[in-house]
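Visitor: Numbering (our numbering), first residue to last: 81 to 584. Cβ atoms here follow ideal geometry from the backbone N, Cα and C, with glycine treated the same way. The structure's right below; bear with me while I get my questions together.
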Amino acid sequence: MYRPLANIWKFNFNSLKRCYQSSKALPDLTKDRYAVKRGDYATIDDNDIKHFESIVSSSRCITDTSDIEPYNVDFLGAVRGYSQVLLKPKTTEEVSAILKYCNSRKLAVASQGGNTGLVGGSVPVFDEVILSMQLMNKIEHVDETAGILVCQSGCILEKLEEHVSNCGLSMPIDLGAKGTCHIGGNVSTNAGGLRLIRYGNLHGNVLGVEAVKADGTILDLMSNFKKDNTGYHLKHLFIGSEGTLGVITKLAIACPTASKAVNVAFLGLESYDALLKTFLAAKRDLGEILSACELIDKLSLEAVLQQYKLNSPLSEYPFYLLLETSGSNMEHDEEKISHFLESAMERGDILDGTVTNETSKVARIWQLRETISTALVKEGYVFKYDVSLPLSHFYDIVPVMRERVGDLAYRVCGYGHVGDSNLHLNVSCAEFNQEIYKRVEPFVYEYTSKLRGSVSAEHGIGFLKTNYLKYSKQPEALNLMKEMKAVMDPNGILNPYKVLPRQN
Ligand code: FAD
Ligand code: 2HG
Ligand code: ZN
């Protein structure tokens, strides 16, 4: 039966750590695991280091191998480069001087935010210069009335949320990596996250961008207005292009008003069909206050409960739905939620559930959802897929994949942003395994393509998905992308081997 959340939580979740660091050996070098060929780029020499030191000082030009190592390996421990120089600029002018020099020398560059990306885009593939944005972390201005934040691109998302909340605002994006990822990384990947259903994606919420082109030119595309139809919308080139067209240095973000009333419901359901009916009813009954709609299957929740030693507020069900409402009037919102839950339970769509507006309990329910990604990584190696699929076939691929990988995997599970038709299909196993890899790819992309889905709903293409871009983009569109890359970065120094398909 529907009941209030009991105080049964004993949660002790450490902040995000790079998964490979905790217990695992370093992954193979990317060039070996994926047999990729190094492009025709120059190799760093002593004169280059001297020049970089003259731009950022020796303390921010790092050449010690062990200091660089965390920047060479991605968050998942899935890809590894071997860069020998890490630069930490503090200003746009420094970024400009670095890129101008790299372009003239034909030195390849990998730009890096918080290094939480899940598609191998944030670390070098070979020996690219790593441009870490982590010291570009100044918040310049918050306009409380207009609801606009202006900041450097290396600000951590959670810090921005804390900052704008003091002005009665909220960030339009939220995701499990918020304590580590940068707003510049979010914009470069056009990250989706947990509240996209409410606030839309970053193409709508980024008002202005300052970016540096490969040749060092600074492009000031900053704007403090939602409405600005003056020619081509160049800022959009940098949103979601994963650092291949320029380096984002500054942003203006539209921030919605912080919600006064937040409620979270965690519901147990018998089938995907019941979940879909509940989603539709939630949209109709909750309307404008619905702010998140997340699916969790039984095995995903099980991973979190086991890995983080948590308790679930509900007993075991095949599916769970996490719904959040955000509004300005608690009484009004509670009335809507009660009506919605009572009707859904009467119809038999929801079997059990709990609802709360207590801040700590809201957070604990969210932890059950937000930590699935890392709980699965703790189990070993995870093949992660992030696809858009029509809701009518949204979950079908999970049992299909279970069948395909059989006993080779520990766990095949599905979760994600069902409200936005975005499924996260994860296959966990002991370690990277060629046999599983062959059984899963390219099958998962062919399957998605047949349903006219997207092979990357929100994580981007990075390094790991370049050869699968063709499943979501027609040849004509791919060619135009290549032409745009050639115009913006003729020497191809920015994030080579990423986004665009490789020749080898
Ligand atoms: P990085 O990982 O450092 O880089 C990502 C890409 O952006 C790289 O190609 C890099 O070169 C480029 N880049 C970074 N900064 C800049 C810059 N200033 N200029 C130009 N290029 C740049 N993603 C989602 O979309 N939704 C989610 O719900 C979500 N949840 C996650 C939960 C967890 C636990 C984890 C580990 C990851 C999650 N992700 C999610 C993936 C990831 O966090 C996002 O893609 C995030 O936006 C990456 O930001 P970052 O600062 O870590 O960027
Ligand atoms: C999420 O929604 C993230 O939790 C990560 O996008 C998904 O790890 C994944 O597959
Ligand atoms: Zn996601």
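In the DSSP assignment, find the beta strand (DSSP E) that holds Ala538 and state where it starts and stops.
Guide: One detail in the question is off: residue 538 reads as Glu in this sequence, not Ala. Neither: Glu538 is in no beta strand (DSSP E) and is coded neither H nor E.
Visitor: With distances taken between CB atoms, is the gap from Ala332 to Gly280 smaller than 8 Å?
Guide: Contact flag unset, no.
Visitor: In whole angstroms, what separates the C-alpha of Lys168 from that of Gly157?
Guide: If you take the alpha carbons of Lys168 and Gly157, they lie about 22 Å apart.
Visitor: Assuming Leu237 is part of the alpha helix (DSSP H), what are its boundary residues?
Guide: Unbroken alpha helix (DSSP H) run through Leu237: Leu237 to Ser245.
Visitor: In its own chain, which residues sit with a C-beta less than 6 Å from the C-beta of Lys553, not counting the 5 before and 5 after it?
Guide: Nothing listed; no residue qualifies.
Visitor: Beta-carbon separation of Thr546 and Lys578 under 8 Å?
Guide: Cβ atoms of Thr546 and Lys578: closer than 8 Å.
Visitor: If I follow the unbroken alpha helix (DSSP H) through Gln387, where does it start and stop?
Guide: Residues Lys378 to Tyr388.
Visitor: Among Ser212, Cys182, Thr434 and Gly428, which one has its Cα closest to the Cα of Leu402?
Guide: Ranking the options by Cα distance to Leu402, first place goes to Thr434.
Visitor: Just tell me which of Ser212, Leu166 and Gln386 has its CA closest to the CA of Gly323.
Guide: Ranking Ser212, Leu166 and Gln386 by Cα distance to Gly323 puts Ser212 first.
Visitor: Out of Gly496, Cys141 and Val199, which one is the CA nearest neighbour of Asp154?
Guide: Selected option, being the one with the closest Cα: Val199.
Visitor: By alpha-carbon positions, which one of Leu215, Met251 and Tyr397 ends up nearest to Leu229?
Guide: Answer by Cα proximity: Met251.
Visitor: Please find out if some non-hydrogen atom of the ligand ZN comes closer than 7 Å to the beta-carbon of Glu538.
Guide: Flag set: Cβ of Glu538 near the ligand ZN.
Visitor: Got a sec? Which residues, its chain only, sit under 6 Å from Leu448 by beta carbon, not counting five neighbours each side?
Guide: So the qualifying residues of the chain are Val384.
Visitor: With respect to 7 Å, is the separation between the Cβ of Ala257 and the closest non-hydrogen atom of the ligand FAD below this value?
Guide: Correct: Ala257 has its Cβ closer than 7 Å to the ligand FAD.
Visitor: Could you compute how far the alpha carbon of Met216 sits from the alpha carbon of Val492?
Guide: Met216 and Val492: Cα-Cα distance of roughly 39 Å.
Visitor: For the ligand 2HG, I want to know if Leu403 counts as a neighbour, meaning its beta carbon is within less than 7 Å of at least one of the ligand's heavy atoms.
Guide: Flag unset: Cβ of Leu403 not near the ligand 2HG.
Visitor: Between Lys330 and Ser233, which are expected to be in contact by the criterion C-beta below 8 Å, what is the C-beta distance as a whole number of angstroms?
Guide: The pair is a contact, with the Cβ atoms about 6 Å apart (cut-off 8 Å).
Visitor: Please report the distance separating the alpha-carbon of Gln101 from that of Asp144.
Guide: Because Gln101 sits at a pLDDT of 49, beneath the cut-off of 50, its placement in the model cannot be relied upon, and the point is left open.
Visitor: Got a sec, what are the start and stop residues for the alpha helix (DSSP H) Asn547 sits in?
Guide: First-last for Asn547: undefined, no H or E at that position.
Visitor: Tell me, please, whether the stretch 171-189 touches the stretch 283-302 by the rule of three or more beta-carbon pairs shorter than 8 Å.
Guide: Cβ pair count under 8 Å is three or more, so yes.
Visitor: Which runs of the beta strand (DSSP E), 3 residues or longer, sit entirely within the stretch 414-489?
Guide: Correct list: 432-436 and 461-468.
Visitor: Give me the DSSP bridge partner(s) of Ser339.
Guide: Answer by DSSP bridge pairing: none, since Ser339 is not bridged.
Visitor: Find out if the Cβ-Cβ distance for the pair Leu544, Val524 is shorter than 8 Å.
Guide: No, Cβ-Cβ distance for Leu544 and Val524 is not below 8 Å.
Visitor: Where do the N-terminal and C-terminal ends of the beta strand (DSSP E) with Gln232 fall, by residue?
Guide: From DSSP, the beta strand (DSSP E) with Gln232 extends over Ile228 to Gln232.
Visitor: Within 10 Å of its beta-carbon, does Val567 have 16 or more other beta-carbons around it, so buried, or fewer, so exposed?
Guide: Label assigned to Val567: exposed.
Visitor: Report all residues from its chain with a CB closer than 8 Å to the CB of Ser351; omit the five preceding and five following residues, and keep chain order.
Guide: Counting only Cβ-Cβ distances below 8 Å, and skipping sequence neighbours, we find Pro398 and Phe399.
Visitor: Are Met410 and Asn391 close, meaning C-beta to C-beta below 8 Å?
Guide: Not a contact, by the Cβ cut-off of 8 Å.
Visitor: From which residue to which residue does the beta strand (DSSP E) around Tyr279 run?
Guide: Here Tyr279 belongs to no beta strand (DSSP E); instead the alpha helix (DSSP H) covers Leu276 to Tyr279.
Visitor: Suppose you measure from the CA of Glu511 to the CA of Pro522; what does that come to, to the nearest Å?
Guide: Rounded to the nearest angstrom, the two C-alpha atoms are 19 Å apart.
Visitor: Look at the Cβ atom of Gly248, then the Cβ atom of Glu220, and state whether they are nearer than 8 Å.
Guide: Result no, Cβ atoms of Gly248 and Glu220 do not sit closer than 8 Å.
Visitor: Can you determine whether any heavy atom of the ligand MN sits closer than 7 Å to the C-beta of Gly496, and answer yes or no?
Guide: Because the ligand MN does not appear in the structure shown, any question about it cannot be addressed here, the ligands present being the ligand FAD, the ligand 2HG and the ligand ZN.
Visitor: Can you give me the C-alpha to C-alpha distance between Lys378 and Glu174, rounded to a whole angstrom?
Guide: Approximately 49 Å, taken between the alpha carbons.
Visitor: Give, in chain order, every unbroken run of the alpha helix (DSSP H) that is at least 4 residues long and sits entirely within the stretch 289-324.
Guide: The qualifying runs are 315-318.
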